[in-house]
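Numbering (UniProt numbering), first residue to last: 1 to 240.
Note that beta-carbon positions come from the ideal geometry of N, C-alpha and C, so glycine has one too.
Source: prediction; values computed, not measured.
Since the structure comes first, as structure tokens, the remarks are kept for the end.
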């Protein structure tokens, strides 16, 4: 019963994701790797969206920027390093550790994509890694409510029907949206997550992320308190 309830709670998210993925393909703006479905989709104009982000005062003044490792944010990562900023990038699927820190000597703002609304609501690809990465940074005390969250997406990924009342406590809103054609300051009032919500993490998710299991065990050992675990869920299959 709990599993069915959990699935129903996110069914509307998958409907929006599919619509956006379908639209990117139908409009001919999806770029390799293909298909756009079940991944952070690359898109025509990704570099242009990144360049708009790179001109923002909040980016120019930043000393450390967390950027996801996906294809459409390649230019964001380049701008971060070429601007002599530290680049914090999560390990793919968080398999061995949480983050790698790079700087400009290693090459010859948070940035998390998928579907977004002008009100700041955001949907990822459905695996929850961006939320875990954000929650971990909050747990570490590295970021707080004032930390600016920016997303770079195609204009096709802008939607206006994400039901704010159905967002969950761990969903991460965005403060700024950069597309190839515009910059949107959302002035969002959606609360940002305060840390890792263990009661939302299923045993299946923990089973796939060793470093998260180790962190959970360490916290339980240090506090003498057993942390909760979320309902069982069927995890989506990762894309190559």
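Taken through DSSP and simplified to helix, strand or coil, residue 176 comes out as strand. When Cβ pairs closer than 8 Å are counted between the two stretches, the segment 133-147 is seen not to touch the segment 29-37, the count staying below three. Cβ contact annotation for residue 29 (same chain, cutoff 7 Å, sequence separation greater than five): 43, 44, 154, 156, in chain order. Contact between residue 14 and residue 126 holds, with the beta-carbon distance rounding to 7 Å and staying under 8 Å. Residue 97 is classed as exposed because its beta carbon has fewer than 16 other beta carbons within 10 Å across all chains shown. According to DSSP, residue pairing for residue 68 in a beta bridge does not occur.
Here the C-alpha atom of residue 211 lies approximately 14 Å from the C-alpha atom of residue 220. Closest in C-alpha terms to residue 129, from the list 189, 67, 159, comes 67. Pairing residue 26 with residue 180 gives a Cβ-Cβ distance that is not under 8 Å. Sequence-distant Cβ neighbours of residue 183 in its own chain, meaning closer than 6 Å and more than five residues away, are 52. Across the structure, residue 187 and residue 118 are spaced so that their CA atoms are roughly 9 Å apart. In terms of Cα proximity to residue 41, the closest of 59, 50, 61, 70 is 70. Beta-bridge partners of residue 116 (DSSP): 122, 158. DSSP lists no bridge partner for residue 229. Taking all protein chains shown into account, residue 202 has 16 or more neighbouring C-beta atoms within 10 Å of its C-beta and is therefore buried.
Taking 8 Å as the upper bound for CB-CB distance, residue 167 and residue 121 are in contact here, some 6 Å apart. With respect to the C-alpha of residue 10, the residue from 20, 158, 162 having the closest C-alpha is 162. With a beta-carbon spacing of about 12 Å, residue 85 and residue 58 fall beyond the 8 Å limit used to define contacts.
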